[in-house]
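Chemist: One structure coming up, written as structure tokens, with questions to follow.
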Amino acid sequence: MQAATLPNVKPFPPPHDKPTLAAYLTEAAMLEHQFMCQYLYAAFSLKKQPDATCSAAQLEIVRRWASIIYMIARQEMEHLSIANSLLTAIGTPPWFGHYNFPTQSRWYQAKALEHKKLAANGPEPCDFPFLMQAFDLPVARRFCCMESPTLKYVAERDRQNVLDWCYQGPSGCACVPVLNVPLPVSPSFVSGGNLPPDTIAPGTVQELYAAIASGLQYLNQKLGSKELFSGHQSGQSQIPSEYDIYLFSICDLDTALAGVRLITTQGEGIDAPPGYDSHFQNYYDIAVEFQAIREQDPAFQAGLPLPLDPQSGQYSNPVTVEAVATFIEGYAALLYMLAGYYANYSPAEYNRPPYLFQALEQTVFGPTMTMLIRSLAELITQLPANESGAPAGPVFYLAPGVLELLSKPSDPVFFDINFYVASLNRVKVGLGKVIESPGLKPELKPKFEYVHQNVWRIMANLEYIYENGTYNKFLDLPSCPQDEPCG
Amino acid sequence: MTYGMLDINFEGYFMCRLATDPDPTNEERGMSGYTMALAIEDPLDQVIRLQATADWLKRNARPPLPDMSAKVGVTVRTANLNGAPYDGANGVIGANVYLDGADFPLPGPTFESRNSTVGSDDSFAFVVNPFNLRIEQDVTGVKLTASDYLEPKDPKLPLWRIVDPNIYGRRLPTCATIGDTEVTEAVNVFDAYGYFRDRRRYLGKLIRDTCAERGEAGSDEQRARCDAQIESYRSRIYQLQHWGDRVINKIQTKVGWEYAINGPQTVEGNLGGTVDISRPWGIKYWFGGWDGDLLLGYMRGTLAVPITST
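As given, the protein sequences belong to chains C and P, one line each in that order. Using my numbering, the first residue of the first sequence is number 23, and each one after it goes up by one. Using my numbering, the first residue of the second sequence is number 1116, and each one after it goes up by one.
This is how it looks when you write it as structure tokens:
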């Protein structure tokens, strides 16, 4: 749905050719990825034990928030998957890269959020930088603002809070931390190519998706379905959908529009019935609950004090340095696997040896995300950043070489199983060094060993499934016979 | 003297403080799955507990479990020789059934899948690991033990190091059914939706009762305890509401295993004959009836031992 436009705002144009549509989708994929990283970092920071600033009762509330924030992060992964499935469906490479944190997305600059104003003379929106920030009340509000639809879609009873949190007040924008230096503005795919620089102005992400939907409809009519959807299904629909995510094949206009609609409904709650738990509404409710607790207990802290926007070079503890370097390797390995899977998936090749796509599918989604990335990230929050003993945080850093590789996922290297195995082997070696480090706390050693074991197994599974396919009992089990069947 | 097969039949409720996907499989608090350790309980440890001490239950049995007829403990109920009741083996009746050992670095036997790396969460393909069965009757002195190896050629090899699932495929389940009648009868839950609807209503009542108790509390410590209880009930309601069918359908789900035990077997006490420990004993069992709110489930099985009766 196209948001109502204000007189002083240039309408956001829908793409009228495939390269522009691809640019929009690539932009969308990057934004979803950047959302996901921020939400994950916040979730990793949440406390798992009661302490002096979080009672047992408060910890229960924090855990419920964790459940919701992890759900939203999974749904951002789903959105990333849909954006990339749309890209592969129209015959364009997927995009699993992003500009490094911290950064200022053009889409979340105040001037780009004009459409979220209720009136032309209303308060100015805030800049919403993309930051790695431990969870706290201002962070809940920033996330709420980032997911907010235009004000006309915000329920009347919630508007004042949204105005207070997301728009500039007398003392600025309270939900955004004071940053010492201005952030670099993320390059945009949308303004690239041959388009004159002022042809397209960033609008809200809600509008980006509205433009994508319009462009899909226009190009489907102009080019025909066969030419528009000249690519391939990504294979995401092979993955069992549970856990609050909904994946389906994207191969034509109907399925493409369904993907766009799912994203905007889950995110901003566009067209959703009252009471729908959109990301916006979830963060809104968390922020309101957080504020109520803080008013009763000003000392309450939901998250560990992880550093703001950590960079790998800022840690001095040797164990942490090694663990974070290993995390960065693991994150790159994960993205290589996703890029290779989405870019090159072929239903015909899926069931033919060598089983590259089965190998990637069976290892990247659950195991690598859950047993490596999340597990290692949460362990890093248990490590000291430096001599002060303050906790460290994971670093979602993509080196230039990694970004370069991710930008060409049809390169022959992405068809080579040894490329993925070698990527994971660097993680295994790094974890081995962490485990052997004399500075590692004894209570953390078994937990690092568990991750190390799992990475060993993920590597072995990659090679085994590549050669043999997926073991049949891992796909399905027969029903149990009844002891005394009737009839 | 009769040579035949003595079927030792056992069943009962077990507990497992199990992390569930999408939490990592060694998650101790439960942040994103449908199971969780409440702040006032022990951490999740993934251990399959066929028996539980009163002290452990005091910390981890959530209401209404302490008031339910379901009592935690898998025990031997009957013993049949060649399919008929056999009084000679009465010494094993009432024996406790245990799973011993540990699945390092976890502190006991687990349903091992490691997020679909050594098994599959999606198809219920879990390995009960390790499998060190002990059946022990404290009064009569009857005791049987039997251990199964995942890889008989290298019994110490951990599951995660056995790359080819064909090697341990015999230890994976043989079947899985959602909506199983035998399970329904065993746990006496015929209306799965109603069962959890009642639970949510019950938890709502506990919240109201505890709020009333809090109003009369005489100290900050008492109030804090009430607050923690109230929020723990809210967390449970949240999980039931959020995950819905994913929790509900497990209460009538059965997952079955069956294999010939390939490791050492021992027997002590009077079983009414001479048990042959040189031949593999057969084991068949199922886990099911999983109540993901109480972290409680049901197990039923049979250990088949060759015996020459006296």
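Here a beta-carbon is modelled for each residue, glycine too, at the ideal position from N, C-alpha and C.
1. Across which residues does DSSP place P:Glu1251 in a beta bridge pair?
2. Check distances from the C-beta atoms of the segment 1129-1140 of chain P to those of chain C and list, in chain order, the residues that come in under 9 Å.
3. Does the CB of C:Asp73 have a neighbour CB from chain P at under 8 Å?
4. Closer than 6 Å by C-beta to P:Val1212: which residues in its own chain qualify, once you throw out the five before and the five after it? Chain order, please.
5. May I ask you to report which of helix, strand or coil DSSP gives P:Leu1153?
6. With a CB to CB cut of under 6 Å and the five nearest residues on each side skipped, what residues in its chain are close to C:Glu82?
7. Taking 8 Å as the CB-CB cut-off, is P:Ala1217 touching chain C?
8. With a cut-off of 8 Å on the beta carbons, I'd call C:Gln504 and P:Thr1289 a contact; round off their distance for me.
9. Leaving aside the five residues before and after C:Ile439 along the sequence, list all residues of the same chain whose C-beta is less than 8 Å from its C-beta, in chain order.
10. Please compile the residues from chain C whose C-beta is within a distance smaller than 8 Å of the C-beta of P:Met1146.
11. Have a look at the DSSP bridge pairing and note the partners of P:Ser1424.
12. If I measure Cβ to Cβ from C:Lys69 and keep anything under 7 Å in the same chain, skipping five residues before and after, which residues do I get?
13. Indicate whether at least one CB of chain P lies closer than 8 Å to the CB of C:Lys469.
14. C:Phe270 lies in the beta strand (DSSP E); which residues open and close that run?
15. Thinking C-alpha only, which one of C:Met58, C:Pro464, C:Arg179, C:Ala51 is nearest C:Tyr306?
16. Would you check if the distance between the CB atom of P:Ala1204 and the CB atom of P:Leu1121 is smaller than 8 Å?
17. Since P:Met1414 sits in a beta bridge, which residues does DSSP pair it with?
18. Which residues of the segment 1285-1300 of chain P have a Cβ closer than 7 Å to any Cβ of chain C? Give them in chain order.
19. So which of C:Arg283, C:Phe437, C:Pro209, C:Leu245 has the shortest CA-CA distance to C:Ala361?
20. I need the boundaries of the beta strand (DSSP E) containing P:Ala1192, first residue and last residue.
21. Which of the three DSSP states, helix, strand or coil, is assigned to C:Leu19?
22. Would you call the CB atoms of C:Phe118 and C:Met154 closer than 8 Å?
23. With a threshold of 8 Å between beta carbons, is P:Ser1334 in contact with chain C?
24. On a CA-only basis, which of C:Leu446, C:Glu317, C:Leu47, C:Val200 is nearest C:Tyr237? Give me that one, please.
25. Assuming C:Ala414 contacts C:Ala421 under a Cβ cut-off of 8 Å, what Cβ separation, rounded to an integer in Å, is found between them?
26. Using the Cα positions of C:Ala134 and C:Glu146, report the straight-line distance between them to the nearest angstrom.
27. List, in order along the chain, the chain C residues whose C-beta lies closer than 7 Å to that of P:Asn1239?
28. Alpha carbon to alpha carbon, how far is P:Leu1410 from P:Asn1175? Give it in angstroms, no decimals.
29. Pull up the distance between the alpha-carbon of P:Asp1360 and that of P:Gly1294, whole angstroms please.
30. Give the C-beta separation of P:Thr1150 and P:Gly1407 to the nearest angstrom, bearing in mind that I take them to be a contact with Cβ-Cβ under 8 Å.
31. Can you give the Cα-Cα distance for C:Gln336 and C:Val212, rounded to whole angstroms?
32. Using a Cβ-Cβ cut-off of 6 Å (strictly less than) and excluding sequence neighbours within five positions of C:Phe57, which residues of its own chain qualify?
33. Hey, which unbroken runs of the beta strand (DSSP E) at 3 residues or more fall wholly within the segment 397-449 of chain C?
34. May I ask which residues mark the beginning and end of the beta strand (DSSP E) holding P:Ala1291?
35. Sort C:Glu351, C:Phe302, C:Pro369 by Cα distance to C:Leu394 and report the nearest one.
36. Going by the DSSP bridge assignment, what does P:Trp1372 pair with across the sheet?
Modeler: Put simply:
1. Within the second sequence, numbered from 1, the residue matching residue 1251 of chain P stands at position 136. P:Glu1251 is bridged to P:Asn1211, P:Lys1258.
2. Hits within the stretch, in order: Asp1136, Pro1137, Asp1138, Pro1139, Thr1140.
3. Sequence index remark: in the first sequence, residue 73 of chain C carries index 51 (1-based). Judged by the 8 Å Cβ criterion, C:Asp73 is not in contact with chain P.
4. Translated into the one-based positions of the second sequence, residue 1212 of chain P becomes position 97. Setting aside the 5 residues that flank it on each side, P:Val1212 is surrounded in the same chain by Phe1125, Leu1165, Val1189, Ile1250, each with a C-beta closer than 6 Å to its C-beta; the list follows chain order.
5. To locate residue 1153 of chain P, count along the second sequence from 1; it is residue 38. P:Leu1153 sits in coil when the DSSP states are folded into three classes, being neither helix nor strand.
6. Numbered from 1 along the first sequence, position 60 holds the residue referred to as residue 82 of chain C. Excluding positions up to five away in sequence, the list is empty.
7. The residue you call residue 1217 of chain P lines up with position 102 of the second sequence. It does not; no Cβ of chain C falls within 8 Å.
8. Along the first sequence, read from residue 1 onward, the residue named residue 504 of chain C stands at position 482. Along the second sequence, read from residue 1 onward, the residue named residue 1289 of chain P stands at position 174. The beta-carbon distance between C:Gln504 and P:Thr1289, rounded to whole angstroms, is 14 Å. This is too long to meet the 8 Å contact definition.
9. In the first sequence, residue 439 of chain C corresponds to position 417, counting from 1. Answer for C:Ile439: Pro376, Leu378, Ala381, Leu484, Glu485, Tyr488, listed in chain order.
10. For the purposes of this step, residue 1146 of chain P is identified with residue 31 of the second sequence, where counting begins at 1. Within chain C, the residues near P:Met1146 are Ala65, Leu68, Lys70, Arg85, Ala88, Ser89, Tyr92.
11. Within the second sequence, residue 1424 of chain P is the residue found at index 309, counting from 1. Residue pairing of P:Ser1424 in beta bridges, as defined by DSSP: P:Thr1117, P:Gly1388.
12. Taking the first residue of the first sequence as position 1, residue 69 of chain C is located at position 47. Close CB contacts of C:Lys69 within its chain, under the 7 Å cut and outside five residues either way in sequence, are with Cys76, Leu81, Val84, Ala324, Gly325, Leu326 (chain order).
13. Counted from its first residue, the first sequence places residue 469 of chain C at position 447. Closer than 8 Å: yes.
14. Position 248 of the first sequence, counted from the start, is the residue given in the question as residue 270 of chain C. Neither: C:Phe270 is in no beta strand (DSSP E) and is coded neither H nor E.
15. Walking along the first sequence from the start, residue 306 of chain C turns up at place 284. Check the Cα spacing between C:Tyr306 and each of C:Met58, C:Pro464, C:Arg179, C:Ala51: the tightest is with C:Arg179.
16. Taking the first residue of the second sequence as 1, we reach residue 1204 of chain P at position 89. Taking the first residue of the second sequence as 1, we reach residue 1121 of chain P at position 6. If you check the CB distance, P:Ala1204 and P:Leu1121 come in under 8 Å.
17. For the purposes of this step, residue 1414 of chain P is taken as the residue at position 299 of the second sequence. Answer is P:Gly1127, P:Phe1402, bridged to P:Met1414.
18. Sequence-ordered contacts of the segment 1285-1300 of chain P with chain C read Leu1287, Pro1288, Cys1290, Ala1291, Thr1292, Asp1295, Thr1296, Glu1297 [C-beta pairs closer than 7 Å].
19. On the first sequence, position 339 is the one that residue 361 of chain C refers to. Put simply, of C:Arg283, C:Phe437, C:Pro209, C:Leu245 the residue whose alpha carbon is nearest the alpha carbon of C:Ala361 is C:Phe437.
20. Taking the first residue of the second sequence as 1, we reach residue 1192 of chain P at position 77. Residue 1192 of chain P is actually Arg in this sequence, not Ala. From DSSP, the beta strand (DSSP E) with P:Arg1192 extends over 1188-1196.
21. There is no way to answer for residue 19 of chain C, as the model of chain C reaches only from 23 to 509.
22. Taking the first residue of the first sequence as 1, we reach residue 118 of chain C at position 96. Taking the first residue of the first sequence as 1, we reach residue 154 of chain C at position 132. Contact flag unset, no.
23. Locating residue 1334 of chain P in the second sequence gives position 219, counting from the first residue. Using beta-carbon distances, P:Ser1334 does not count as an interface residue toward chain C, since no partner is under 8 Å.
24. Position 215 of the first sequence, counted from the first residue, corresponds to residue 237 of chain C. Note on identity: in this sequence residue 237 of chain C is Gly, with Tyr being the wrong assignment. That would be C:Leu47, whose Cα lies nearest to the Cα of C:Gly237.
25. Along the first sequence, one-based indexing puts residue 414 of chain C at 392. Along the first sequence, one-based indexing puts residue 421 of chain C at 399. Not a contact, Cβ separation roughly 19 Å.
26. In the first sequence, the residue the question calls residue 134 of chain C occupies position 112. In the first sequence, the residue the question calls residue 146 of chain C occupies position 124. In a straight line, the C-alpha of C:Ala134 is about 11 Å away from that of C:Glu146.
27. As a first step, residue 1239 of chain P must be located in the second sequence, where it is residue number 124. Here residue 1239 of chain P turns out to be Phe, not Asn, going by the sequence shown. What P:Phe1239 touches in chain C: Leu499.
28. Numbered from 1 along the second sequence, position 60 holds the residue referred to as residue 1175 of chain P. Numbered from 1 along the second sequence, position 295 holds the residue referred to as residue 1410 of chain P. The alpha-carbon of P:Asn1175 is positioned some 9 Å away from that of P:Leu1410.
29. Start at 1 with the first residue of the second sequence, and residue 1360 of chain P comes out as number 245. Start at 1 with the first residue of the second sequence, and residue 1294 of chain P comes out as number 179. Straight-line Cα distance between these residues: approximately 12 Å.
30. Position 35 of the second sequence, counting from 1, holds the residue named residue 1150 of chain P. Position 292 of the second sequence, counting from 1, holds the residue named residue 1407 of chain P. With 8 Å as the limit, P:Thr1150 and P:Gly1407 qualify as a contact, their Cβ atoms being about 6 Å apart.
31. Position 314 of the first sequence, counted from the first residue, corresponds to residue 336 of chain C. Position 190 of the first sequence, counted from the first residue, corresponds to residue 212 of chain C. Looking at the backbone, the Cα of C:Gln336 and that of C:Val212 are separated by about 33 Å.
32. As a first step, residue 57 of chain C is located in the first sequence; it is residue number 35 there, counting from the start. Excluding sequence neighbours, C:Phe57 sits near Glu98.
33. If we require 3 residues or more, the segment 397-449 of chain C turns out to have no beta strand (DSSP E) run fully inside it.
34. Within the second sequence, numbered from 1, the residue matching residue 1291 of chain P stands at position 176. P:Ala1291 -> beta strand (DSSP E) spans 1290-1293.
35. In the first sequence, the residue the question calls residue 394 of chain C occupies position 372. Comparing Cα positions, the closest option is C:Glu351.
36. Counted from its first residue, the second sequence places residue 1372 of chain P at position 257. According to DSSP, P:Trp1372 bridges with P:Tyr1400.
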